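K.L.:
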Amino acid sequence: MSDSEFFYDPATWSVNKQMVEAYEKNGYVLVRNMLSEAEIQKLRTAVESSKGIQRHAYGRSDGDRKSRMCVWNHPGDDITGVLARSPRVAGTMQELMGGDEIYHYHSKLMMKDAKSGGAFLWHQDYGYWYFNGCLYPEMASVFIPVDDCLKENGCLQVLTGSHKMGRIDHKTLGEQLGADPERVEQAKLALEHVHVEMKAGDMLFFHSNLLHTSNQNHSDLRRWVFIVAFNKKSNNPYMEHHHPRYTPLKMVDDSELLKCDVIENLEGKWFMNPTEDHSFKAGDKKFH
Ligand SMILES: O=C(O)CCC(=O)C(=O)O
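Position one of the sequence shown corresponds to residue 4 (the working numbering), numbered consecutively onward.
Structure below.
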């Protein structure tokens with residue numbers, strides 16, 4: 004893990020060769036301290052007071068407990084939108100993915116509440132997105148904790164280098180699509196299993212074929228996370244589905260986040276309706 008861990012310094016920040024190599028080798032790069040205290044507070048206030056998020060949130064059960072989530076397709080010009088479109092988030096992800104033009108595929112808030120939040124099965128994001136007509140796994144996500152993410156409140160866990168296994172079959176396991184459990188067990192024997200503990204302000208940039216999971220939250224600590232997913236323009240999905248096809252991403256300067264006072268602007272966000280989740284329907288087959 005240590006060769007995938009970097010520290011943010013606003014004065015000198017740029018994606019270097021070492022980071023790109025770490026992303027290619029391990030499937031993820033963890034950057035500490037990417038947001039200042041004031042920026043973390045801004046993000047927290049925006050997601051906590053958003054009426055749209057609460058109105059469009061839905062639960063995903065692990066068979067026992069539920070995590071809540073809310074997904075929207077266009078970033079917009081409010082606080083979460085400005086952060087998603089910033090060079091720190093979108094620009095860093097684009098460089099790690101090789102520099103080709105990327106676009107915003109969706110943003111989401113994952114709400115694992117204290118003492119009640121459910122688990123997420125081992126999966127690859129491309130295990131879902133494959134069903135959406137994306138030909139290549141040239142897609143990735145930025146995991147941005149709103150609260151500290153620790154083992155006790157269900158931090159993300161990854162299998163280092165698992166993105167190199169290619170796409171694993173995903174089928175329904177309860178209310179979620181999970182990666183073939185036999186493959187996951189073998190991958191766990193072969194690869195390093197890392198609990199990615201993060202502070203609010205850190206960011207994890209990860210490949211869409213990286214196997215990841217997270218546990219239930221039995222602690223008193225809330226664990227909310229803002230996640231922004233990107234796709235390459237050259238990987239424009241061949242069919243319409245519940246996330247957007249190529250739509251140019253308008254990047255805004257990093258400094259705009261602290262200047263932005265729009266807590267939420269729901270216009271054009273296109274919130275996802277879980278009954279229209281094409282990936283879930285297409286993958287709704289059981290393992291033998
Ligand atoms: O919020 C989490 O712990 C997991 C999120 C996740 O796996 C995903 O969004 O693909």
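C-beta: ideal position from N, C-alpha, C; glycine also.
Only a predicted model underlies this, so the values are computations on that prediction, with no experimental measurement involved.
Could you tell me whether any non-hydrogen atom of ligand 1 is closer than 6 Å to the CB of Val-85?
P.N.:
no
K.L.:
Give the C-beta separation of Asn-218 and Gly-181 to the nearest angstrom, bearing in mind that I take them to be a contact with Cβ-Cβ under 8 Å.
P.N.:
That belief does not hold up - the Cβ atoms of Asn-218 and Gly-181 are roughly 14 Å apart, past 8 Å.
K.L.:
My guess is that Ala-93 and Met-254 are in contact by the Cβ rule of under 8 Å, so how many angstroms apart are they, rounded?
P.N.:
Between Ala-93 and Met-254, the beta carbon gap of about 6 Å places them in contact (Cβ cut-off 8 Å).
K.L.:
Would you kindly work out how many angstroms separate the C-alpha atoms of His-166 and Lys-236, rounded to a whole number?
P.N.:
21 Å
K.L.:
What is the DSSP secondary structure of Trp-132, reduced to helix, strand or coil?
P.N.:
helix
K.L.:
Which class does Gly-79 belong to by DSSP, given the choice of helix, strand or coil?
P.N.:
coil
K.L.:
For a test of your reading of the model: does the CB of Ile-230 fall under 6 Å from any non-hydrogen atom of ligand 1? Yes or no.
P.N.:
yes
K.L.:
With the cut-off set at 7 Å, would you say Glu-267 and Asp-81 are in Cβ contact?
P.N.:
Yes.
K.L.:
What do you reckon, are the CB atoms on His-246 and His-109 nearer than 7 Å?
P.N.:
yes
K.L.:
Would Gly-62 and Lys-54 be called neighbours here (beta carbons separated by less than 7 Å)?
P.N.:
No.
K.L.:
Among Glu-42, Trp-125 and Ile-105, which residue has its Cα nearest to the Cα of Val-187?
P.N.:
Trp-125
K.L.:
Compare the C-alpha of Val-32 against each of Leu-99, Leu-153, Glu-40 and Thr-83 and name the closest.
P.N.:
Leu-99
K.L.:
Can you tell me whether Val-199 is buried or exposed? The criterion is at least 16 other CB atoms within 10 Å of its CB, across all chains shown.
P.N.:
buried
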